[in-house]
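Report on one structure; see the data block that follows.
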Amino acid sequence: MQIVILKNAAEVAAYGADIFTQQLARNAGSVLGLATGSTPVALYQELIRRNEAGSVSFSKAKTFNLDEYLGLDGEHPQSYRYFMNEQLFNHVDINKDNTHVPPGDAKNPIEACKEYEAQINAAGGIDVQLLGIGRNGHIGFNEPSSGLTSRTRVKTLTKATIDDNARFFAADEYQPHLSITMGIGTILDARKVVLLATGENKADAVHAMIEGPLTAACPASALQMHRHAVIVLDEGAASKLK
Ligand code: F6R
Numbered sequence: 000m001q002i003v004i005l006k007n008a009a010e011v012a013a014y015g016a017d018i019f020t021q022q023l024a025r026n027a028g029s030v031l032g033l034a035t036g037s038t039p040v041a042l043y044q045e046l047i048r049r050n051e052a053g054s055v056s057f058s059k060a061k062t063f064n065l066d067e068y069l070g071l072d073g074e075h076p077q078s079y080r081y082f083m084n085e086q087l088f089n090h091v092d093i094n095k096d097n098t099h100v101p102p103g104d105a106k107n108p109i110e111a112c113k114e115y116e117a118q119i120n121a122a123g124g125i126d127v128q129l130l131g132i133g134r135n136g137h138i139g140f141n142e143p144s145s146g147l148t149s150r151t152r153v154k155t156l157t158k159a160t161i162d163d164n165a166r167f168f169a170a171d172e173y174q175p176h177l178s179i180t181m182g183i184g185t186i187l188d189a190r191k192v193v194l195l196a197t198g199e200n201k202a203d204a205v206h207a208m209i210e211g212p213l214t215a216a217c218p219a220s221a222l223q224m225h226r227h228a229v230i231v232l233d234e235g236a237a238s239k240l241k
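Here the sequence shown stands for residues 0 to 241, numbered as in numbering that gives the first Met the number 0.
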């Protein structure tokens, strides 16, 4: 694991944007693995700025998102497809046909998971996978106890994750308890992974991921096994590293 500790969230976003910019400069047709949540928003804003300035293009890129709520279609404002359209895809020169988010409205979710894996393989595999980390150490929606070789599948969310994400839902709004997520094995197959974490509330999870044992109790610790994992932290997220 390569650990990069920067001053603040803005520097983390710029560092992450540099990795994606360089990847697309090397290969305009790169396959990018993307994430939702609060952490990557600043990185996406930076990529939008660079796209407007002409210093990065997504016109030939393909993307695969990590996860989606099961039970929400892509028009639902809390769906991850909607999030990606709003936060990135609608603002850059990407062909939406080349963007993939697991289908939250799949009639047969188990088949849809297999199909998602097949689509990733058909695209040639993921060149760079972006990740955030949950306070419980999850990556994607691979909650603690997820198999370290798991593939894309339907996963029940833990109470901790449901509570953490309740901030995005109105009090009387239906909040799904199930998801479709790339598995840990799927994530580890990416040729490079870049995990961003900012803020002191991630410090325990970051400590467990980097300095704890390799264990399904902290799914992000699986990145210890990856040959090309870059962990980009601000001072708060790094504050419990020894
Ligand atoms: C998002 C995802 C999650 C988040 C994690 C951190 O697609 O898969 O694992 O990366 O929950 O979320 P934030 O960035 O909101 O703290």
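In this text, a Cβ means the ideal position worked out from N, Cα and C, and glycines have one as well.
Counted within 10 angstroms of its Cβ, other Cβ atoms place residue i as buried (16 or more) or exposed
| i | result |
| --- | --- |
| G133 | buried |
| E85 | exposed |
| D188 | buried |
| N94 | exposed |
Beta-carbon proximity check, residue i vs residue j, cutoff 8 Å
| i | j | result |
| --- | --- | --- |
| H206 | L232 | no |
| D17 | F57 | no |
| L194 | A228 | yes |
| G103 | E67 | yes |
| Q21 | S29 | no |
| A236 | K191 | no |
| I125 | F167 | no |
| L5 | L46 | no |
Opposing strand residues paired with residue i [DSSP bridges]
| i | result |
| --- | --- |
| D126 | D126 is not bridged to any residue. |
| S178 | Y68, K154 |
| V193 | L129, V229 |
| Q1 | V229 |
| L31 | T62, V127 |
Reference residue i, options the options, closest by Cα
| i | options | result |
| --- | --- | --- |
| T180 | D96, K154, P76 | K154 |
| T148 | Q22, N107, I186 | I186 |
| I230 | G36, H176, T197 | T197 |
| H176 | T62, E142, K191, L194 | E142 |
| A105 | E172, L69, A122, D96 | L69 |
| A221 | T98, G182, A202 | G182 |
| S144 | F88, A189, G123, T214 | T214 |
| R152 | Q174, A170, N107, F168 | N107 |
| R271 | Q1, K59, A34 | Residue 271 lies beyond the stretch modelled for the chain, which goes from 0 to 241, so this question has no answer here. |
| V40 | L129, G73, A121 | L129 |
| E114 | G124, G123, P101, I125 | P101 |
| E10 | E116, T38, T160, S54 | T38 |
| L65 | S238, T98, G211 | T98 |
| N135 | R150, T157, E116, A117 | T157 |
Residue i in three-state terms, based on DSSP
| i | result |
| --- | --- |
| K61 | strand |
| T98 | strand |
| N141 | strand |
| G198 | coil |
| A13 | helix |
| S78 | coil |
| T185 | helix |
| F168 | coil |
| K113 | helix |
| V55 | coil |
| Y173 | coil |
| N84 | helix |
| V40 | helix |
| R48 | helix |
| R25 | helix |
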